[in-house]
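First comes the structure, then the notes that go with it.
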Amino acid sequence: MNKEARIKILQDIVKIKSVNDNEKDVADYLEKLFTANSIKSKHVAYNETRHNLVAEYSNGEGKVLGISGHEDVVAPGEESEWKFPPFSGQIDGDKLYGRGSTDMKSGLAALAIAMIELKNEETDFNGTIRFMATVGEEVGALGSTLLAEEGYADDLDGLLIGEPVDVAAYTHKGSLNYSVVSHGKSSHSSMPDEGINSITNMSKFIQRFNKEFNKVTNDYTNDVLGTVAASVTIINGGDQVNSIPATTTVQGNIRTIPEFDNTKVKELLKEIVDELNQENNVDLELKIDYDLNSVESDKDSDLAKAVLAHTNAKTGGISPVTDAAAFTQTDNQFDVVIYGPGVTTLPHQLDEYVSIEDYLSKIEEYKAIIKEYLK
Ligand SMILES: [Zn+2]
C-alpha cells in the first residue's frame, strides 16, 4: 500500500463518529477493506449499532497472535474549541487531527494495514493473525468481554494491542468502581432523634474507607505499577436544609495491582460495610459497578522480545486499563504487549492528533513484530 492509501484509511476512520456507539460503521469500513484484500472477516455484534469485527489470516499451523484495537472514542467536548472539527481528520503538516486519532484509530488502522500488507506481500510466516476490533473499550471493555466469552482468546499465544503507549507494556493496573448507599430516615431538623442521619453514617464509611485503604497503600507495592489508588469521587446527600437526610450515596474508583487485586478490594469493601452495619441505625448498601482486573504478563515473553527487537521501546507498565483486562479473563495464559502510535499525553484531550510519521512507522514495526513472532 502506498503512503497516501495508508493515510486515507486512517482519515476515513477518524471521520466516523463512533462516540461510545456506532462502532458498526467502523466495522463495516474495515470489513470492506479486508474483503477488497481477500481477507475474511466477521461481525460479532454487541447490539444493533455496536459491532466488533474479527478478521483472520492463516499461513501454517504455528502460533496464534491476536492484534487488537478499539473502535470507540470518547466525546469530543466543546467542538468549537477544537482547532479543526474533531471528526474532520484534518491534516496540518505532519499532524492528523481528530477525536480518536491518537486513542486509538491510528493503532487500529496500523494493525489492519500491517495484516493486509503481510498477506499481499506473501510474507513467509507460520501461524495465524487474528485481528479484533472492539466496541465500548472506554466504558468497560464491552466488546473484548464479549469476544472473550465467545472464545476468541482461548487459543491465543500472544496479544498485541495498539493503544498509544510508547513502552512495550506487559502489565497494567486494574480498575473497580463501587457505590455505597446510606439508608436513613428523614425527620425535621429540630428533632434529629426522630430520624436517622444518612450523612453521619456515610461519613463513618468514608473515614473507615480512607483508613483501610491507606493501610493497603502502605502494605502492598508492585515494582512496576506502584501502589493501589483508592478514592471517593462523588457524594450526594440531603435535600433540604431543615430536614435530616434520609439517603446519601457515594461513588468511587479504585486502581488495583496484582498484589492487592479486585477480589481483595471487594472483600475489604464488604468487610467495612458489614462491620459498620452492625452498629445501631447504620444501613449501608454496597454495589460494584465496574470490575476489570489488572494485567500481568511475562516481561520476557517471545512477544515482548519481538517488540524490543524491532522498535526503540523498552518494557514497562502503564496505568490505564485496556481490553487486555477482559481478554485475559480466560483460563488460557498468553503473552500480552500494549504498544502503538499516538501522543501518550493526548488521549481524551482537545486537539487530539497523531504524527503521520509515527503512524506510518508503526505499520512497518507491526509487520516486523508479527513476522518475527510467527516465524
Ligand atoms: Zn484507548
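Just so we're aligned, residue 298 is where the sequence shown starts under the numbering used here, counting upward by one. Beta carbons are placed, not taken as given, at the ideal position from N, Cα and C, and that holds for glycine. These numbers come from a predicted model, not from an experiment.
Nearest to VAL477 (by Cα), restricted to the options ALA526, GLY534 and ILE493: GLY534
Segment contact, 8 Å Cβ cut-off, at least three pairs: the region 647-658 with the region 376-383: yes
Per DSSP, cross-strand counterpart(s) of ASN474: ASN550 and TYR587
Any non-hydrogen atom of ligand 1 closer than 7 Å to HIS348 Cβ: no
Which residues DSSP lists as bridging PHE428, in chain order: ALA352 and ILE364
Near ligand 1: PRO644 beta-carbon under 7 Å from a heavy atom: yes
Own chain partners of GLU593 with C-beta closer than 6 Å, once the 5 adjacent residues on each side are dropped: Excluding its 5 nearest sequence neighbours in each direction, GLU593 has C-beta neighbours in its own chain below 6 Å: THR468 and PRO555, listed in chain order.
Touch test, the region 616-634 against the region 494-510, Cβ-Cβ under 8 Å, three pairs minimum: no
Cα-Cα separation, ALA606 to ASP391: 26 Å
Those runs of the beta strand (DSSP E) which lie wholly inside the region 484-548 and span at least 3 residues: Within the region 484-548, the complete beta strand (DSSP E) runs of at least 3 residues are 526-534.
For ILE336 and LYS470, the rounded distance between their alpha carbons: As the crow flies, the alpha-carbon of LYS470 is around 35 Å from that of ILE336.
Pair within 8 Å by beta-carbon distance, ALA450 and PHE428: no
Cβ neighbours of PRO489 in the same chain (closer than 7 Å, five flanking residues each side left out): Apart from the 5 residues on each side of it in sequence, PRO489 sits with its Cβ closer than 7 Å to the Cβ of ILE541 in its chain, given in chain order.
For SER598: DSSP bridge partner residues: Note: SER598 sits in no beta bridge, so no partner.
Length at least 4, wholly inside the region 604-650: the alpha helix (DSSP H) runs in chain order: Note on the region 604-650: whole alpha helix (DSSP H) runs with a minimum of 4 residues are 621-624, in chain order.
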